[in-house]
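Remarks on the structure that follows.
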Amino acid sequence: MDPSYSIKKFKQACKQGKSKVLVLRYAKLTARKDFGLKTKKEILRFVANDGLEHLKFICTNEWRANPDKKNSAKVDSYEFYSGKLYGYIAFVFIEKTQMWLIKSFKKNENSGVRHQPFQVLEKLIH
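Residue numbering for the sequence shown is 121 to 246, as defined by my numbering.
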């Protein structure tokens with residue numbers, strides 16, 4: 121399955137700033153704790169300036185916590201690196217308001233290839 125949204129458009133909106141992108145409270149807290157990004161402005165600048173290295177699409181899901189049940193919305197999820205840190209970001213585009221919403225921005229708890237270097241070798245051997 122392909123992403124619902126253009127990552128390029130999402131990054132452009134982050135570059136435009138606070139008027140185009142909202143960040144949920146929990147995403148702000150984990151961005152601060154896990155990546156040292158203290159403000160919404162820092163989070164948006166990080167995304168806009170390619171801080172999401174080796175970005176890889178994970179999946180698209182229905183936004184279950186959508187407060188507007190009449191208008192469905194999809195959530196695109198990605199994994200990324202920032203230096204040695206392995207991260208996860210999920211975002212939504214809300215058609216009605218023409219706003220982006222960063223739903224999650226946190227350390228990725230799943231193991232990435234960098235964290236399991238021998239996993240690839242194991243697959244080659246077996």
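All C-beta atoms in this analysis are idealised placements derived from N, C-alpha and C, irrespective of residue type, glycine included.
Tell me, to the nearest whole angstrom, how far the beta carbon of residue i is from that of residue j; I am working on the premise that it is less than 8 Å.
| i | j | result |
| --- | --- | --- |
| Leu175 | Phe200 | 5 Å |
| Phe211 | Lys223 | 6 Å |
| Ser197 | Glu182 | Their Cβ separation, rounded to whole angstroms, is 12 Å, which puts Ser197 and Glu182 out of contact at 8 Å. |
| Ser126 | Glu173 | Rounded, the Cβ-Cβ distance is 19 Å, inconsistent with contact. |
Locate the alpha helix (DSSP H) running through residue i, then write down its first and last residues.
| i | result |
| --- | --- |
| Lys129 | 127-136 |
| Thr150 | 145-155 |
| Lys160 | 160-168 |
Are the beta-carbon atoms belonging to residue i and residue j less than 9 Å from one another?
| i | j | result |
| --- | --- | --- |
| Lys161 | Lys138 | yes |
| Lys226 | Thr150 | yes |
| Thr180 | Met219 | no |
| Lys129 | Asp170 | no |
(request) Kindly provide the ranges of any beta strand (DSSP E) runs that are 3 or more residues long and lie completely inside the region 173-237, ordered along the chain. (result) 173-182, 194-202, 205-214, 219-227
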